[in-house]
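A.B. asks: Positions in the sequence shown are counted from 1; adding 48 to them yields this note's numbering.
No residue lacks a Cβ here, since even glycine has one placed at the ideal position from N, Cα and C.
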Amino acid sequence: MGELLLAGTTHYPLMLYSDEFMTSQMERHWKNPKLPEYWKDQKNWPAPMQEEYGLNGSNGLASARAHRARLVSAFRKVREEIDAFKPDFVLIWGDDQYENFHEDLVPPFSVYICDKYETQPYHKRRMMPDGREAFNVWGEDIDHRFTHKGHPEGAKFLATRLLEMGHAMPYAYKTLHFQGLPHAFLNTLLFLDYDRKGFDYPVIPFHVNCYGSSFVKNRGGSPLQAVEGAEPDPPAPSAKLCFDVGAATARALKDSKYRAVIMGSSSWSHAFLVGKHHMLWPDIDADRARYEELAAGKTHLWKDLTMKQIEDAGQQELLNWICLGGALSELGCKPRIIDFVQTYIFNSSKCFAVAKSA
Ligand SMILES: [Fe+2]
């Protein structure tokens, strides 16, 4: 029988860079020329958002420091759990944001069956609004290359079992349009190794098409990147489909020879996807509702979320966690919450949780 450690994390890209950069990205949305004047005035923001931005009179910087400190601490705790568990591999459910998949193929899911992944994440330069270049917090060179081991045997086993169980599961032996690991997988691994002691566990990246109806239309990102006049794309896999795939994955790995970590990685509601908030702050109420369900061990409720609810709340990336929710539910696990980091100004609230199969 297999042994499973289940975990939920985030891959919040701004954590790669300085606190100042984290803050400046928020200002970029707030100063967006298309934003109605009313919302440019801080006095019209929700009170907790004003408070978070104004903390210590630092225009978000003090809050950025505190936000990062909690994320780093939570990642260290998840890493301790992984080290103590000593897995054969770490499977990660993560989204692709027009990185490996483009117009020629957008599968709902894909299991990567590769020996290794070599990624150079800093090649695409990031700039501060004032034109200065933003550097990664580790001081790593622009051409720094990360090599992560894959686990082709485990990935092939899983794709095979999912297909045998009736899930039409795509898989790939090589990447298509992107060299290495797309952001959701790589960022998760970089943060799990925040102290840079190395991360030698083999990885199985498991793609989930979270962005669905806006995947090509918005180039996998914010509506601010929308292609002029483009129509919506076909939807993301439904919550039920993600939940069922997550449950089947847990079943397949529980009935295997492996010790596996299975992890959903994403922040929840994303401010840049929440039209009703003018893309300024995330849907806090929807995230709190999901948090209460998770903490109460009621992730089975997630399979009934409609795509309309998910998109209205800007919770597209929650689909990664809904796969995890299916696994938790299948194994009858109530997770231990490590932290739930709520924020109005850093794009998205982030949750960390772990559970072990009985
Ligand atoms: Fe993402």
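Compute the Euclidean distance between the alpha carbons of Lys356 and Lys265, then round it to the nearest angstrom.
C.D. replies: Here the question's residue 356 lines up with position 308 in the sequence shown. Here the question's residue 265 lines up with position 217 in the sequence shown. If you take the alpha carbons of Lys356 and Lys265, they lie about 17 Å apart.
A.B. asks: Please determine, among Lys302, Leu301, Leu289, Ile393, the residue with the shortest C-alpha to C-alpha distance to Ile370.
C.D. replies: Residue mapping note: residue 370 aligns to position 322 of the sequence shown, counting from 1. For the residues Lys302, Leu301, Leu289, Ile393, the minimum Cα distance to Ile370 belongs to Leu289.
A.B. asks: DSSP puts Asp143 in a beta bridge; with which residues?
C.D. replies: As a first step, residue 143 must be located in the sequence shown, where it is residue number 95. In the DSSP output, where bridge partners are listed per residue, Asp143 has Val256.
A.B. asks: Output yes or no for whether 8 Å exceeds the beta carbon distance between Met217 and Phe157.
C.D. replies: Position 169 of the sequence shown, counted from the start, is the residue given in the question as residue 217. Position 109 of the sequence shown, counted from the start, is the residue given in the question as residue 157. Yes; because the gap between Cβ atoms is below 8 Å, this pair is in contact.
A.B. asks: Taking the beta carbon of Thr236 as the centre, do at least 16 other beta carbons fall within 10 Å, making it buried, or is it exposed?
C.D. replies: Against the sequence shown, residue 236 aligns to sequence position 188. Buried, since its Cβ has 16 or more Cβ neighbours within 10 Å.
A.B. asks: Can you tell me whether His59 is buried or exposed? The criterion is at least 16 other CB atoms within 10 Å of its CB, across all chains shown.
C.D. replies: Counted from its first residue, the sequence shown places residue 59 at position 11. Its Cβ being crowded by 16 or more others within 10 Å, His59 is buried.
A.B. asks: Evaluate His325 with the Cβ neighbour count: other Cβ atoms within 10 Å of its Cβ, from every protein chain shown; 16 or more gives buried, anything less gives exposed.
C.D. replies: By one-based count along the sequence shown, residue 325 stands at place 277. Per the 10 Å Cβ criterion, buried.
A.B. asks: Would you call the segment 166-180 and the segment 203-212 touching, i.e. three or more CB-CB distances under 8 Å?
C.D. replies: No contact exists between the segment 166-180 and the segment 203-212.
A.B. asks: Based on the DSSP secondary-structure assignment, which residues constitute the bridge partners of Arg384?
C.D. replies: Taking the first residue of the sequence shown as 1, we reach residue 384 at position 336. BP columns for Arg384 point to Val402.
A.B. asks: Any idea which residues DSSP pairs Thr57 with across the strands?
C.D. replies: Within the sequence shown, numbered from 1, the residue matching residue 57 stands at position 9. DSSP lists Ser313 as partners of Thr57.
A.B. asks: Helix, strand or coil: which one does DSSP assign to Asn266?
C.D. replies: Numbered from its first residue, the sequence shown carries residue 266 at position 218. If DSSP states are grouped into helix, strand and coil, Asn266 belongs with coil.
A.B. asks: Measuring from the CB of Glu147, is there a heavy atom of ligand 1 at a distance below 7 Å?
C.D. replies: Taking the sequence shown and counting its residues from 1, one reaches residue 147 at position 99. Not under cutoff, so the answer is no.
A.B. asks: Have a look at Asp243 and Asp303 and give me their C-alpha separation to the nearest angstrom.
C.D. replies: Residue 243 sits at position 195 when you count from the first residue of the sequence shown. Residue 303 sits at position 255 when you count from the first residue of the sequence shown. If you take the alpha carbons of Asp243 and Asp303, they lie about 34 Å apart.
A.B. asks: Thinking just about the alpha-carbon of each residue, which of Phe400, Thr167, Phe394, Val309 is nearest to the one in His115?
C.D. replies: As a first step, residue 115 is located in the sequence shown; it is residue number 67 there, counting from the start. Residue Phe394 is the option with its Cα nearest to His115.
A.B. asks: Is Glu128 near ligand 1 - that is, is its Cβ less than 7 Å away from at least one heavy atom of it?
C.D. replies: The sequence position of residue 128 within the sequence shown is 80, counting from 1. Incorrect: Glu128 has no Cβ contact closer than 7 Å to ligand 1.
A.B. asks: Per DSSP, which residues does Glu166 bridge with? Please list them.
C.D. replies: Sequence index remark: in the sequence shown, residue 166 carries index 118 (1-based). In the DSSP output, where bridge partners are listed per residue, Glu166 has Thr195.
A.B. asks: Taking the beta strand (DSSP E) that Ser304 falls in, what are its first and last residues?
C.D. replies: As a working note, residue 304 is residue 256 in the sequence shown. Neither: Ser304 is in no beta strand (DSSP E) and is coded neither H nor E.
A.B. asks: With a threshold of 16 other CB atoms inside 10 Å of the CB of Ile386, please say whether the residue is buried or exposed.
C.D. replies: Locating residue 386 in the sequence shown gives position 338, where the first residue counts as 1. Looking at its Cβ environment, which holds 16 or more other Cβ atoms inside 10 Å, Ile386 is buried.
A.B. asks: Taking the C-alpha atoms as reference points, what is the distance between Asp281 and Asp152?
C.D. replies: Stepping through the sequence shown from its first residue, residue 281 is reached at position 233. Stepping through the sequence shown from its first residue, residue 152 is reached at position 104. The alpha-carbon atoms of Asp281 and Asp152 are separated by roughly 13 Å.
A.B. asks: Where DSSP assigns a beta bridge to Ser158, which residues make up the other side?
C.D. replies: Taking the first residue of the sequence shown as position 1, residue 158 is located at position 110. Looking at the DSSP assignment, Ser158 forms a beta bridge with His255.
A.B. asks: Could you please go through the chain and list the residues whose beta-carbon is closer than 5 Å to any non-hydrogen atom of ligand 1?
C.D. replies: That gives Asp143, Ala232.
A.B. asks: Between Lys125, Glu100, Arg124, which lies nearest to Arg113 when the distance is taken from Cα to Cα?
C.D. replies: The residue given as residue 113 occupies position 65 in the sequence shown. Minimum Cα distance to Arg113 is reached at Glu100.
A.B. asks: Let me confirm a value: His278 is counted as buried when at least 16 other C-beta atoms fall within 10 Å, else exposed. Which label applies?
C.D. replies: By 1-based counting over the sequence shown, the position of residue 278 is 230. The residue asked about is misnamed: residue 278 is Ala in this sequence, not His. Classification of Ala278: exposed, given that the 10 Å Cβ count is below 16.
A.B. asks: Using the DSSP secondary-structure output, state which residues sit across from His318 in a beta bridge.
C.D. replies: As a first step, residue 318 is located in the sequence shown; it is residue number 270 there, counting from the start. DSSP, once it has assigned bridges, lists Ser396 as partnering His318.
A.B. asks: Between Pro96, Ser66, Asn104, which lies nearest to Trp186 when the distance is taken from Cα to Cα?
C.D. replies: Your numbering for residue 186 matches position 138 in the sequence shown. The option with the nearest alpha carbon to Trp186 is Ser66.
A.B. asks: Just the C-alpha distance for Val126 and Glu181, rounded to the nearest angstrom, thanks.
C.D. replies: Counted from its first residue, the sequence shown places residue 126 at position 78. Counted from its first residue, the sequence shown places residue 181 at position 133. Distance between the alpha carbons of Val126 and Glu181: 31 Å.
A.B. asks: Got a sec, what are the start and stop residues for the alpha helix (DSSP H) Tyr339 sits in?
C.D. replies: Locating residue 339 in the sequence shown gives position 291, counting from the first residue. It spans 332-343 - the alpha helix (DSSP H) in which Tyr339 sits, taken as one unbroken run.
A.B. asks: From the DSSP output, in three-state form, read off Met429 for me.
C.D. replies: With the chain represented from 49 up to 406, any question about residue 429 goes unanswered, as that position is not in the structure.
A.B. asks: Tell me which residues share the same chain as Tyr259 and place their Cβ nearer than 6 Å to its Cβ, disregarding the 5 neighbours each side in the sequence.
C.D. replies: Translated into the one-based positions of the sequence shown, residue 259 becomes position 211. Gly268, Gln364.
A.B. asks: In this structure, how does DSSP classify Ala220 when only helix, strand and coil are distinguished?
C.D. replies: Indexing the sequence shown from 1 puts residue 220 at position 172. If DSSP states are grouped into helix, strand and coil, Ala220 belongs with the strands.
A.B. asks: Please determine whether the Cβ atom of Lys382 lies at a distance below 7 Å from any heavy atom of ligand 2.
C.D. replies: With respect to ligand 2, the structure shown offers nothing to examine, as its ligands consist of ligand 1.
A.B. asks: Sort Ala343, Trp87, Phe226, Ser396 by Cα distance to Cys381 and report the nearest one.
C.D. replies: In the sequence shown, the residue the question calls residue 381 occupies position 333. If we check each option's Cα against that of Cys381, Ala343 comes out closest.
A.B. asks: Under the three-state reduction of DSSP, which class applies to Ala296: helix, strand or coil?
C.D. replies: Translated into the one-based positions of the sequence shown, residue 296 becomes position 248. Helix at Ala296.
A.B. asks: Starting from the Cα of Glu378, find the closest Cα among Tyr160, Ala403, Glu128 and give me that residue.
C.D. replies: As a working mapping, residue 378 is identified with position 330 in the sequence shown. When only C-alpha atoms are compared, the closest one is Ala403.
A.B. asks: Start and end of the alpha helix (DSSP H) containing Ser121?
C.D. replies: The residue labelled residue 121 in the question sits at position 73 within the sequence shown. Element bounds for Ser121: 109-133.
A.B. asks: Hey, how far is the Cα of Pro169 from the Cα of His348?
C.D. replies: Residue numbering aside, residue 169 sits at position 121 when the sequence shown is read from its first letter. Residue numbering aside, residue 348 sits at position 300 when the sequence shown is read from its first letter. Approximately 36 Å, taken between the alpha carbons.
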